[in-house]
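Heads up, the sequence shown is in our numbering, so the first residue is 10 and it goes up one at a time.
Backbone N, C-alpha and C fix where the C-beta goes; we use that ideal spot for every residue, glycine too.
See structure below.
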Amino acid sequence: MYSDIAANKRKTVIIMAVFVAFVGLIAWLFNQYLGGQPSTLYGVLLGTVVYAVITYFAGGRLALAVNGAREIQKKDNPRLWRIIENLSITDGLPMPRVFVIDDPSPNAFATGRDPKRAAVCATTGLLEIMDDNELQGVFAHELGHVKNYDIRVSMIAFALTAVISLFADIMLRMTWFRSGDREDNNNGIFLLLGIVAAILAPFVALMIQLAISRQREYLADATSALTTRYPEGLISALRKIQRSGSVMQRQNTATAHLFFANPLRAHSLTSLFSTHPPIADRIARLESMGTHA
C-alpha cells in the first residue's frame, strides 16, 4: 500500500514533465510564427505555468462546480453523513466536505489536493438505489483515493487538461487571425501547425489522464475491501451500477477520471480511452480477494 502511494507521488513528477515538454514544444512553434523573440516564448511559458498553478489550487472547487455539486450538512442527509464520518474515523482521515449532485445516474467521486482539503460527492441516483453496505463500499473506495493521495494526482491531471485545452485554443485562434497577413509566406505552414496542435491537444490531455493509470481504481477497490472488511458490499454496488449504467446527464471529460464509474456515454470517442477499468474486471478482482481471504 505504501509503495503505491509513493508511486503516485513519482507519477505526479512524470506527468508534470510530460506537460512541460508538450507545452514547451507548442510554445516554441508559436514563438517562431510570431517572430522568434525569446521574450515571447518566456512569457507564454510563464503564463501557462501560472495558470496551471492557479487551476491546481482551485481544481477541487472547479471540479465540484462544473458537475453541479452542492454541499450538504449532517441534517440534510444524516445517512450519508454518518457513513462517511464512520469511514473517515476508521481510515484515520479528517472528515471531508460532503456534496450531492442531482443526477439519476448512480455515481460518486472524491476531490481535493490532500486529505485535509478533501471533498466527497454522491449523486442522488446513488443514494436512491444503494443500501447501507453498498454505499459504505462505494465511499470506502472514494476515501481510499484520498488516503492513497490519488486525489492529488487527479487534481494535477485536471489542471493540466485545462491548460493544454486553453493554450491550444488560443494558438489556433491567433494563428487563424494572422493568416490574413499576405506578407508572411510562412502563414500557411504555421496555420497548419496551429490546426494540428489544436486537434492533438485534447488527445494529449487525455493521455495525461490515462497516465494516472487504471491501477488506482483497483487499488481503491482493494482499500475499500480492507477498510470495510466486507467486499461483498462493494461488489453488490458495482453490479447495480453495471445493470443501471453510470452515464451522467452533465458530460465533462476533464473530470471524468475522478468518478467511481465512467460517467461518459459509451459511444463517445473519449470512452475508448477510459481511465476506468471494466466493471466486470473490478468485480472479478474483488471476488478473488474474497477467495484468498
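With respect to the 8 Å criterion, residue 67 and residue 120 are not classified as neighbours on the basis of their beta carbons.
Taking 4 residues as the minimum length, the alpha helix (DSSP H) runs contained wholly in the stretch 119–164 are 133–138 and 141–156, in order along the chain. For the pair of segments examined, the stretch 54–70 was found not to touch the stretch 95–104: the number of CB pairs separated by less than 8 Å stays below three.
By DSSP's assignment, residue 81 forms a beta bridge with 107.
Non-local C-beta neighbours of residue 255 in its own chain, meaning closer than 8 Å and more than five positions away in sequence, comprise 114, 115, 116, 268, 269, 270, 271 and 272, ordered along the chain. Inclusion of residue 58 and residue 86 in the CB contact set at 8 Å is not warranted, their separation being larger than that value.
In the DSSP secondary-structure assignment, residue 289 is not bridged to any residue. Closest by C-alpha distance to residue 157, out of 226, 37 and 169, is 226. Remark: C-beta atoms of residue 245 and residue 143 approach each other more closely than 8 Å. Taking the C-beta atoms as reference points, residue 150 is found no nearer than 8 Å to residue 223.
Judged by their CB atoms, residue 105 and residue 128 are nearer to each other than the 8 Å cut-off. Rounded to whole angstroms, the Cβ separation of residue 93 and residue 28 is 33 Å, and the two are not in contact under 8 Å. The C-alpha of residue 252 lies about 24 Å from the C-alpha of residue 78. If you look at residue 258, you'll find it isn't in any alpha helix (DSSP H); DSSP assigns it neither H nor E. When DSSP reads this structure, residue 117 sits in a beta bridge with 131.
Taking a C-beta distance under 8 Å as the contact criterion, residue 155 and residue 102 qualify as a contact pair.
Residue 266 places its beta carbon less than 8 Å from that of residue 163.
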